[in-house]
Amino acid sequence: MTGYIHVKEAAKLWNIGERQVSHLCKIGKVNGALKQGRSWMIPVDAEKPADQRIKTGAYIQSAKTVKLPLPVGISDYRLASSSYYYIDKTMMIKDFIDERPMVSLFTRPRRFGKTLNMDMLRVFFEKTDSDTSVYFKDKKIWACGEQYRAYQGKYPVIYVTFKDVKCESWESTYDLICQILRNEVQRHSELLSSNRISAYDKKYLESILSGSASEIDMAMTFMNLSRMLDAHYDKAPIIIIDEYDTPIQQGHTLGYYDKVISFMRNLFSGGLKDNKHLSFGFLTGILRVAKESIFSGLNNLVINSVLDNKYSAYFGFTPDEVREMARYYGVSEKYDEICEWYDGYRFGNSEIFNPWSVINYFNNECKPKAFWLSTGSNDIIGEIITQADQDIYDKLTSLVSGNTIVSYIDTSVTYPQIKQNPSAIYSFLLVAGYLNAVKAESSYGIDYMCELALPNKEITFVYSKEILQKLDHIIPQSIAISVQEAIYSGDSKRIQALIHNLLLQSASSFDTVGENFYHGFMLGLCAMLSGSYTTSNRESGEGRYDIQLLPRDAKLPGILIELKAEKNCSEDELKKLSETALQQINDRKYDTEMTSMGITAIHKYGVAFSGKSVEVAVG
Numbered sequence: 265m266t267g268y269i270h271v272k273e274a275a276k277l278w279n280i281g282e283r284q285v286s287h288l289c290k291i292g293k294v295n296g297a298l299k300q301g302r303s304w305m306i307p308v309d310a311e312k313p314a315d316q317r318i319k320t321g322a323y324i325q326s327a328k329t330v331k332l333p334l335p336v337g338i339s340d341y342r343l344a345s346s347s348y349y350y351i352d353k354t355m356m357i358k359d360f361i362d363e364r365p366m367v368s369l370f371t372r373p374r375r376f377g378k379t380l381n382m383d384m385l386r387v388f389f390e391k392t393d394s395d396t397s398v399y400f401k402d403k404k405i406w407a408c409g410e411q412y413r414a415y416q417g418k419y420p421v422i423y424v425t426f427k428d429v430k431c432e433s434w435e436s437t438y439d440l441i442c443q444i445l446r447n448e449v450q451r452h453s454e455l456l457s458s459n460r461i462s463a464y465d466k467k468y469l470e471s472i473l474s475g476s477a478s479e480i481d482m483a484m485t486f487m488n489l490s491r492m493l494d495a496h497y498d499k500a501p502i503i504i505i506d507e508y509d510t511p512i513q514q515g516h517t518l519g520y521y522d523k524v525i526s527f528m529r530n531l532f533s534g535g536l537k538d539n540k541h542l543s544f545g546f547l548t549g550i551l552r553v554a555k556e557s558i559f560s561g562l563n564n565l566v567i568n569s570v571l572d573n574k575y576s577a578y579f580g581f582t583p584d585e586v587r588e589m590a591r592y593y594g595v596s597e598k599y600d601e602i603c604e605w606y607d608g609y610r611f612g613n614s615e616i617f618n619p620w621s622v623i624n625y626f627n628n629e630c631k632p633k634a635f636w637l638s639t640g641s642n643d644i645i646g647e648i649i650t651q652a653d654q655d656i657y658d659k660l661t662s663l664v665s666g667n668t669i670v671s672y673i674d675t676s677v678t679y680p681q682i683k684q685n686p687s688a689i690y691s692f693l694l695v696a697g698y699l700n701a702v703k704a705e706s707s708y709g710i711d712y713m714c715e716l717a718l719p720n721k722e723i724t725f726v727y728s729k730e731i732l733q734k735l736d737h738i739i740p741q742s743i744a745i746s747v748q749e750a751i752y753s754g755d756s757k758r759i760q761a762l763i764h765n766l767l768l769q770s771a772s773s774f775d776t777v778g779e780n781f782y783h784g785f786m787l788g789l790c791a792m793l794s795g796s797y798t799t800s801n802r803e804s805g806e807g808r809y810d811i812q813l814l815p816r817d818a819k820l821p822g823i824l825i826e827l828k829a830e831k832n833c834s835e836d837e838l839k840k841l842s843e844t845a846l847q848q849i850n851d852r853k854y855d856t857e858m859t860s861m862g863i864t865a866i867h868k869y870g871v872a873f874s875g876k877s878v879e880v881a882v883g
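Taking the working numbering as reference, the numbering of the sequence shown is continuous, increasing by one, and the terminal residue is 883.
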């Protein structure tokens with residue numbers, strides 16, 4: 265429970281034995297102590313009782329305020345809510361009970377609290393031998409009244425999570441899914457001895473537990489298990505499926521998409537479609553399911569996407585929650601830095617922080633890093649770059665430069681659409697947490713027209729890393745690092761020399777230099793320099809330059825690059841072409857914008873390409 269410590273922790277603080285602490289709680293000497301099962305929970309600010317054994321004078325040693333540990337990677341609700349710093353999301357339960365949709369799907373990016381919230385629902389609703397109300401009595405839901413408390417601990421629950429199903433083949437995926445389903449059947453082993461379950465059904469359960477069940481029988485697990493639980497408890501169960509689409513995403517990436525979709529369709533439909541033995545269903549994932557045909561004809565599904573207002577504040581942290589967390593850990597002055605790195609999401613009408621990154625930030629002594637980067641694959645960005653056309657290159661460049669783009673958003677986007685329809689990439693990037701909808705307007709009453717931006721510094725770093733890895737053939741990593749070092753140290757001469765070498769080395773690796781190189785080069789520059797420069801190719805002075813690197817700090821040099829390309833140039837012709845490009849920068853006054861901003865040092869490059877040959881004129 266939030267604000268409480270265990271007997272063991274109190275014993276250490278007060279320098280007495282654990283048995284003595286328990287005894288003091290039992291006889292009422294510890295103010296605010298609560299019995300939880302067989303153990304005691306003690307307020308963090310409770311004082312050590314006076315030691316009555318000392319006859320020469322009582323003393324009281326104040327307990328030091330012990331800060332609750334941070335729930336890094338904790339998705340077990342009982343553990344998180346009782347032993348760690350827990351941000352109360354239990355009002356989600358009230359909202360659900362008020363509306364009671366038959367099947368609810370919550371789509372959110374990875375590591376935004378989906379698994380913890382689903383486990384919270386399980387603990388609240390599930391009928392168990394132990395009293396699980398203790399995990400809610402100090403939470404907001406309990407104060408809402410008996411009409412909500414009456415739901416606690418009243419339902420059998422089928423609960424599975426597919427968050428770790430990330431296998432290389434369909435065969436391995438199927439085996440792991442079967443093991444997950446087998447574990448859930450084992451969790452309901454009371455059915456094997458129930459006098460309300462037929463011998464035939466018990467044989468079916470035994471076949472699953474023994475691993476002898478066919479693929480068809482495994483696909484009927486939810487349907488059959490819910491029917492048996494309803495018969496045994498005389499109460500239709502709740503089905504909770506966490507991260508339903510993780511195997512689907514893996515199948516898309518590794519080429520077994522059709523096989524995993526086929527199995528999931530049968531598995532989910534049996535449990536959620538027209539199932540009279542179902543009280544409620546909850547699912548989470550990154551993508552919605554409508555066009556996946558997994559739930560074809562499922563007319564009782566309510567979808568709650570990142571653009572919907574309902575439940576918008578329950579996945580991730582709100583500004584008030586982050587402020588309180590910073591205050592609790594004594595670092596209120598860090599709030600602006602947390603905003604810069606981990607804020608910037610908008611789910612429905614709620615401003616949201618990335619919860620995984622915020623927790624890890626506090627756990628890392630308030631030193632900012634891109635914590636989200638290592639929590640899963642970011643291959644989708646690489647896939648997009650591989651298939652990028654001019655429009656995608658331009659939009660990615662604009663985004664990484666800190667600008668916004670406008671795009672149609674289909675929240676029912678599916679994985680195959682990423683390859684089939686280039687415009688679908690922005691829909692996927694939004695629902696997956698790589699973009700934020702700064703503004704969203706309904707389009708035709710179904711989907712949205714959105715103004716999109718990168719949410720924060722962390723996601724900008726993710727893009728930059730993935731872009732540079734994918735474009736390593738254009739901008740070698742070694743040169744990228746050297747340029748970044750020179751910028752960090754403010755070495756203007758070195759910056760000039762490195763950009764010159766970069767242009768020479770990168771361009772000479774191509775037999776022909778065309779538009780793809782130009783756009784890839786520009787995107788790579790933007791990714792490489794995003795922390796110190798903005799990149800653009802808009803008009804300035806009397807024309808439109810090819811590439812402008814505008815420093816965020818006026819102390820750094822500005823950079824202008826004009827590109828020319830012709831076939832079969834001689835060495836002299838190529839040199840003249842580069843000089844022509846440089847002269848164009850001066851003649852058309854491309855430096856007007858930078859000069860007006862007070863930038864005094866401006867490096868100018870005229871670059872000429874012909875096959876693998878390149879010439880750079882420096883001004």
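Virtual Cβ for every residue (Gly too), placed ideally from N, Cα, C. Note that the structure is a prediction, hence the values are computed from the model and not measured.
Nearest-angstrom Cα separation, counted from residue j out to residue i
i              : j                 : result
isoleucine 648 : isoleucine 656    : 8 Å
tyrosine 520   : aspartate 506     : 21 Å
leucine 542    : isoleucine 739    : 56 Å
tyrosine 654   : glycine 646       : Before going further, note that residue 654 is glutamine rather than tyrosine in the sequence given. Near 16 Å, if we compare the C-alpha coordinates of glycine 646 and glutamine 654.
leucine 493    : threonine 661     : 54 Å
glycine 321    : isoleucine 357    : Confidence at glycine 321 is low in this model, with a pLDDT of 40, below 50, so its placement is unreliable and the value that follows should be read with caution. Computed Cα separation, rounded: 52 Å.
glycine 296    : methionine 305    : 9 Å
serine 326     : arginine 283      : Reliability fails at serine 326, whose pLDDT of 39 lies under 50, so the model's placement of it is uncertain and no value is given.
leucine 793    : threonine 799     : 8 Å
glutamine 748  : glycine 883       : 22 Å
alanine 865    : alanine 845       : 19 Å
aspartate 439  : threonine 548     : 22 Å
arginine 364   : arginine 816      : 51 Å
tyrosine 412   : tyrosine 419      : 14 Å
arginine 529   : asparagine 539    : 14 Å
alanine 275    : isoleucine 444    : 40 Å
asparagine 279 : proline 313       : 12 Å
lysine 290     : tyrosine 592      : 30 Å
serine 621     : phenylalanine 692 : 21 Å
alanine 704    : glycine 697       : 15 Å
Beta-carbon proximity check, residue i vs residue j, cutoff 8 Å
i                 : j              : result
valine 878        : leucine 767    : yes
asparagine 573    : glycine 515    : no
isoleucine 269    : valine 330     : yes
phenylalanine 486 : glycine 535    : yes
methionine 384    : isoleucine 504 : no
tryptophan 636    : arginine 375   : yes
valine 308        : glycine 281    : no
tyrosine 869      : isoleucine 763 : yes
phenylalanine 579 : glycine 377    : yes
tyrosine 609      : proline 719    : yes
leucine 518       : glutamate 432  : yes
alanine 483       : leucine 531    : yes
tyrosine 348      : leucine 334    : yes
Member of the options whose CA lies at the smallest distance from the CA of residue i
i                 : options                        : result
cysteine 603      : Tyr593, Ile616, Ile738, Arg591 : Ile616
threonine 396     : Val387, Asp402, Lys403, Lys404 : Val387
lysine 828        : Lys659, Gly646, Gly875, Thr425 : Gly875
glutamine 416     : Gly301, Ile361, Ser614         : Ile361
asparagine 568    : Ile645, Val367, Ile644, Ala818 : Val367
leucine 551       : Leu571, Asp509, Gly267         : Asp509
lysine 631        : Ser614, Gly646, Asp600         : Asp600
glutamate 273     : Leu732, Ala310, Ile291, Tyr350 : Ala310
phenylalanine 389 : Glu843, Lys499, Leu469         : Lys499
leucine 663       : Ala791, Trp620, Trp278, Phe544 : Ala791
threonine 886     : Leu820, Arg816, Gln812, Glu432 : Given that the chain is displayed from residue 265 to residue 883, the structure contains no residue 886 and the question cannot be resolved.
alanine 495       : Ser474, Glu454, Ala477, Asn530 : Glu454
serine 706        : Ile689, Ile673, Thr678         : Ile673
threonine 859     : Glu826, Ala590, Pro821         : Pro821
lysine 430        : Asp465, Ala477, Val524         : Val524
glutamate 826     : Glu843, Leu814, Leu693, Tyr727 : Glu843
Residue i Cβ short of 7 Å to the ligand PLP heavy atom set
i            : result
arginine 451 : The ligand PLP is absent from the structure shown, which contains no ligand whatsoever.
Whole-number beta carbon distance between residue j and residue i, since they are thought to touch under 8 Å
i             : j             : result
valine 702    : glutamate 715 : 5 Å
valine 586    : valine 695    : That pair is no contact at about 23 Å.
glutamine 760 : histidine 867 : 5 Å
alanine 872   : leucine 838   : 5 Å
### Query
Unbroken alpha helix (DSSP H) runs of length 4 or more, entirely within the segment 390-421: which are they?
Listed in chain order, they are 410-413.
### Query
Can you give, in chain order, each stretch of the beta strand (DSSP E) that sits fully within the segment 632-689 and has at least 3 residues?
Counting only runs of 3 or more, we get 669-673.
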